[in-house]
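Residues in the sequence shown are numbered consecutively from 68, following the working numbering. Reading through the structure tokens given below for one structure.
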Amino acid sequence: MLKYIAKKIFGSRSDKILRSLMPIVRKINNLEKNIQTLSDAELKAKTQEFKERLKGGETFDQILTEAFAVVRETAKRVLNERHYDVQILGGLVLHYGMIAEMKTGEGKTLVSSLPAYLNSLSGNGVHVVTVNDYLAKRDSEWMGKIFKFHGLSVGCLTNSTPEQERKQVYACDIIYGTNNEFGFDYLRDNLKHNLDALVQRDFHFAIIDEVDSILIDEARTPLIISGSSTDSSEVYIKINDIMPLLREEDYELDEKSKTVVLTDQGSEHMESLIKQRQLIKSDSSLYDIENMSIVHHLNQAIKAHKIFKLDTDYIVKGGKVLIIDEFTGRIMDGRRYSEGLHQAIEAKEKVKIQEETQTLASITFQNYFRMYPKLAGMTGTAITEAGEFLSIYKLEVIPIPTNIPVKRIDEHDVIYKTEAAKYNAIIQEIKTAHANKQPILIGTISIEKSELISKLLKKEGIKHNVLNAKYHQAEAEIIAQAGQVGAVTIATNMAGRGTDIKLGGNEEVLIKKMGEGITQKEIEKIKEQVSNDKESVLRAGGLFVIGTERHESRRIDNQLRGRSGRQGDNGRTKFFLSLEDDLMRIFGSIKIGNFLGKLGLKDDEAIEHPWINKSLEKAQHKVEARNYEIRKNLLKFDDVMNEQRKVVYKQRLSIMKETRFDDILKEKVLTLNQSLVDQFIQDKSYQEEWQKKEMLHEIHRIYNIPFSFENKTTKEEVASELDLLTTKTLEVKKNECGDELFNEALKRVFLMTLDQFWKEHLHELDRLKTGISLRAYGQKDPLNEYKFEAFKLFENMFFELDESIISTAVKMQISHALPPLDDSEVMQNTIENKNEIESMLSSNLSDASGKTQSNQEFFGKISRNEPCPCGSKKKYKHCHGSIV
Numbered sequence: 068m069l070k071y072i073a074k075k076i077f078g079s080r081s082d083k084i085l086r087s088l089m090p091i092v093r094k095i096n097n098l099e100k101n102i103q104t105l106s107d108a109e110l111k112a113k114t115q116e117f118k119e120r121l122k123g124g125e126t127f128d129q130i131l132t133e134a135f136a137v138v139r140e141t142a143k144r145v146l147n148e149r150h151y152d153v154q155i156l157g158g159l160v161l162h163y164g165m166i167a168e169m170k171t172g173e174g175k176t177l178v179s180s181l182p183a184y185l186n187s188l189s190g191n192g193v194h195v196v197t198v199n200d201y202l203a204k205r206d207s208e209w210m211g212k213i214f215k216f217h218g219l220s221v222g223c224l225t226n227s228t229p230e231q232e233r234k235q236v237y238a239c240d241i242i243y244g245t246n247n248e249f250g251f252d253y254l255r256d257n258l259k260h261n262l263d264a265l266v267q268r269d270f271h272f273a274i275i276d277e278v279d280s281i282l283i284d285e286a287r288t289p290l291i292i293s294g295s296s297t298d299s300s301e302v303y304i305k306i307n308d309i310m311p312l313l314r315e316e317d318y319e320l321d322e323k324s325k326t327v328v329l330t331d332q333g334s335e336h337m338e339s340l341i342k343q344r345q346l347i348k349s350d351s352s353l354y355d356i357e358n359m360s361i362v363h364h365l366n367q368a369i370k371a372h373k374i375f376k377l378d379t380d381y382i383v384k385g386g387k388v389l390i391i392d393e394f395t396g397r398i399m400d401g402r403r404y405s406e407g408l409h410q411a412i413e414a415k416e417k418v419k420i421q422e423e424t425q426t427l428a429s430i431t432f433q434n435y436f437r438m439y440p441k442l443a444g445m446t447g448t449a450i451t452e453a454g455e456f457l458s459i460y461k462l463e464v465i466p467i468p469t470n471i472p473v474k475r476i477d478e479h480d481v482i483y484k485t486e487a488a489k490y491n492a493i494i495q496e497i498k499t500a501h502a503n504k505q506p507i508l509i510g511t512i513s514i515e516k517s518e519l520i521s522k523l524l525k526k527e528g529i530k531h532n533v534l535n536a537k538y539h540q541a542e543a544e545i546i547a548q549a550g551q552v553g554a555v556t557i558a559t560n561m562a563g564r565g566t567d568i569k570l571g572g573n574e575e576v577l578i579k580k581m582g583e584g585i586t587q588k589e590i591e592k593i594k595e596q597v598s599n600d601k602e603s604v605l606r607a608g609g610l611f612v613i614g615t616e617r618h619e620s621r622r623i624d625n626q627l628r629g630r631s632g633r634q635g636d637n638g639r640t641k642f643f644l645s646l647e648d649d650l651m652r653i654f655g656s657i658k659i660g661n662f663l664g665k666l667g668l669k670d671d672e673a674i675e676h677p678w679i680n681k682s683l684e685k686a687q688h689k690v691e692a693r694n695y696e697i698r699k700n701l702l703k704f705d706d707v708m709n710e711q712r713k714v715v716y717k718q719r720l721s722i723m724k725e726t727r728f729d730d731i732l733k734e735k736v737l738t739l740n741q742s743l744v745d746q747f748i749q750d751k752s753y754q755e756e757w758q759k760k761e762m763l764h765e766i767h768r769i770y771n772i773p774f775s776f777e778n779k780t781t782k783e784e785v786a787s788e789l790d791l792l793t794t795k796t797l798e799v800k801k802n803e804c805g806d807e808l809f810n811e812a813l814k815r816v817f818l819m820t821l822d823q824f825w826k827e828h829l830h831e832l833d834r835l836k837t838g839i840s841l842r843a844y845g846q847k848d849p850l851n852e853y854k855f856e857a858f859k860l861f862e863n864m865f866f867e868l869d870e871s872i873i874s875t876a877v878k879m880q881i882s883h884a885l886p887p888l889d890d891s892e893v894m895q896n897t898i899e900n901k902n903e904i905e906s907m908l909s910s911n912l913s914d915a916s917g918k919t920q921s922n923q924e925f926f927g928k929i930s931r932n933e934p935c936p937c938g939s940k941k942k943y944k945h946c947h948g949s950i951v
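As structure tokens, this is what we get:
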């Protein structure tokens, strides 16, 4: 109560921030008259002036007001658009590293031009991140006119950008691209072997468009680059063949957490069926160790059949299973589910089964974007997730007031007992609004539902457009014209991302559609028609948005609502629900159903009350809280891997930059020798106690050289002789090859061995993560257990890595000059995908009570000569602090 009173009197933190920024807006406005008097040449010269001032020691903040005023004037001259004061306010919020929440139609794309221009003046590059290739291309061309006017270079990064052009794109001052491409380029760079092949520069500043979609919705799915592994197509097919025989009592399905498990009865039933198909031996059990891979295939097949649905989670097109992004409704072209799930779905849909893959590199968007020293974002819907943005990304959400007050009417939800009754009511509502020539946007949560509505409208003879993942090519055009008189548009929640619905139609799209031969007279006619149509639509009530179902997230519903009532236009929104909807059935309160039952509600009757809205909000809040826990747990696990990833990637870069490896190898050899001597000869021990046989075996295995204990009476003599022999072996090898060739060969040994061990380590971590949740049954925290086990694996990896490098180096034979490494070959056999989070992350993991690992190179700040904290007894510079 006290908080509420204080907020009313003093305002919220967002209000205080906006008040503190208003004097800057006024200063920018005061400069407008002076800037207007500049010629084009003088306006362009301002950019060079700003760069010189920055080099001279001034900061971004010192040139901010003038730079923003210059961009505003440039936009007026080249785009015929002037930044409103609220847009200047949004630009300031972005520049200061916060999230600007701006309603649909408020011009977020234009807003981003202000901080992008200012921060690009340092020459370090600004990344403007969009959700799809279309927006990246459109915005780079549209806003690029402002930047190019000032001589700044603009790059566009899409899925189709050739590898050989990417370095040139990243060298630009301002780069527009999708979140996936930025993330995958980071991973690709850390698979390459040549410095010249790296495309990305050091990170500087990123502005994320639709920041809630990228940093919240997509944070649950890591980016993964995989390489081909083994082929198990026959097993997938045989397992799939027994799925129709799966009975309801054989499994337990939890739709909330999207998990399915076999019952004891189901395990016995499946085991007998699998034995009949000779997938396991008749005298073995399904859960014997040697049959664990079959259990994995079986579990993935059951998930494919009982959880993942055609036209909801994926579609089949051109003989391929294509994933549908659950948040945007778009096809995720080229992406695949991991851990064999995609193959199980391919077997289910009777299409060609692609090869299984093995993880080569992975990262979450959470950890990728946190690498930027400065980060900002913009969206129409972020305030509901403000807590998560602040806790994970240190980003404050600042709602920006609209330029013109919102006139849209948001009606209460109406709820029916059955889906059939709900759809009948929706069709009647559409018919009424359509008769008044009011444009209608109908939002659905899946392809299946959008096609059902389409069938019902066809029966009524109502002409309409359908926009979903199957028909996404014409997205921009369909959405742009959804505001025309009498237009009816059905869209999944992908509707209109980045494209405004303008009442009366979008004149730019209509002019473009006419082609290059259009005359000025025809252009004027189109503009007049659009203007007249807008007036007709406003008289009809503006855009009518109908929601056919509530989404799990309030943000998605708000995005749909936000399509109506842009820039002060009239508008109306209404959601139709039923007790059979997924959200109501799975997460809704039982009290609602009981309440409606007591009222004796008939199938064709509906109830409408603010209590219904509040109850639904609570249901959505439950889902949002659960999804936040999934993302938080994912981040905790990925933080462990991320610290290891940073160590390995930093050392890869050090190897690529290094030219001399003979001395580094010699140090490693001497360290390994001391470790061997300590292992097999105890201090102050007698010769009879020495483990000579075992030590000779190890020396031969690693170095393949003869060694004798004759005339050696002390441990020091043995160590000295071993050092002498091994260093001599290295010198002979070096003399055979020549100094330059020897070091080049060593560089490849260091790099490729590190890559191989890191790949195997990632596989081990995947396996560890899959089963770690079971330790919760033993009263142990799975996260702490994962940290401990992952650290041990990492420690062992580095110990074995040194040994492997040494063994390979002393045994290698080089008879000719080495051909240059071709990084294009490295990338040819890789697959990019976005991983589905294991159910254990969402259900079985308790919150970790242990402290998070330090961000300082995994081990903290350590002197080079101190013992390595991994426990190897080596100096830090010879162990985890070494070049590899």
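Ideal placement from N, C-alpha and C gives every residue a C-beta, glycine not left out.
Go ahead and pull the three-state DSSP assignment for residue i.
i	result
residue 478	coil
residue 93	helix
residue 507	strand
residue 458	helix
residue 642	strand
residue 464	strand
residue 535	coil
residue 774	coil
residue 46	A question about residue 46 goes unanswered here, because the residues of the chain that appear run from 68 up to 951.
residue 619	coil
residue 704	helix
residue 844	helix
residue 347	coil
residue 483	strand
residue 674	strand
residue 647	coil
residue 377	strand
residue 422	coil
Give me the DSSP bridge partner(s) of residue i.
i	result
residue 428	292
residue 952	This structure gives no information on residue 952, because the portion of the chain shown stretches from 68 to 951.
residue 556	508, 532
residue 444	166, 275
residue 195	243, 274
residue 389	382
Under a Cβ-count criterion, where at least 16 other Cβ atoms within 10 Å of its own Cβ denotes burial, should residue i be classed as buried or exposed?
i	result
residue 413	buried
residue 403	buried
residue 221	buried
residue 85	buried
residue 600	buried
residue 80	exposed
residue 123	exposed
residue 852	buried
residue 825	buried
**OP:** Just list the alpha helix (DSSP H) runs in the segment 206-273, keeping only unbroken ones of 4 residues or longer that don't cross its boundaries, in chain order.
**Re:** Assignment of alpha helix (DSSP H) within the segment 206-273, counting only whole runs of 4 or more residues, yields 211-216, 230-237, 246-256 in chain order.
**OP:** Determine contact between the segment 704-724 and the segment 801-819, defined as no fewer than three beta-carbon pairs at a distance below 8 Å.
**Re:** yes
Original post:
Does the segment 181-200 come within contact of the segment 455-474, defined as at least 3 CB pairs closer than 8 Å?
Top reply: no
Original post:
Is the number of C-beta pairs between the segment 139-157 and the segment 257-271 that are closer than 8 Å three or more?
Top reply: no
Subject >> the segment 244-251 touching the segment 418-438, judged by at least three CB pairs closer than 8 Å >> reply: yes
Original post:
What are the complete beta strand (DSSP E) segments, minimum 3 residues, inside the segment 557-616?
Top reply: 610-614
Original post:
With contact counted as at least three CB pairs below 8 Å, one residue from each stretch, are the segment 338-345 and the segment 309-317 in contact?
Top reply: Three or more Cβ pairs drawn from the segment 338-345 and the segment 309-317 lie within less than 8 Å of each other, which places the two stretches in contact.
**OP:** Evaluate the contact criterion for the segment 633-647 versus the segment 489-501: three or more CB pairs, one atom per stretch, below 8 Å.
**Re:** yes
Original post:
Is the segment 493-503 touching the segment 458-466 in the sense that three or more CB pairs, one from each, lie closer than 8 Å?
Top reply: Contact fails: fewer than three Cβ-Cβ distances are below 8 Å.
Subject >> Touching by the beta-carbon criterion (3+ pairs, under 8 Å), the segment 700-720 and the segment 792-802 >> reply: no
**OP:** Would you check if the segment 689-706 and the segment 237-247 touch, i.e. whether three or more CB-CB distances between them fall below 8 Å?
**Re:** no
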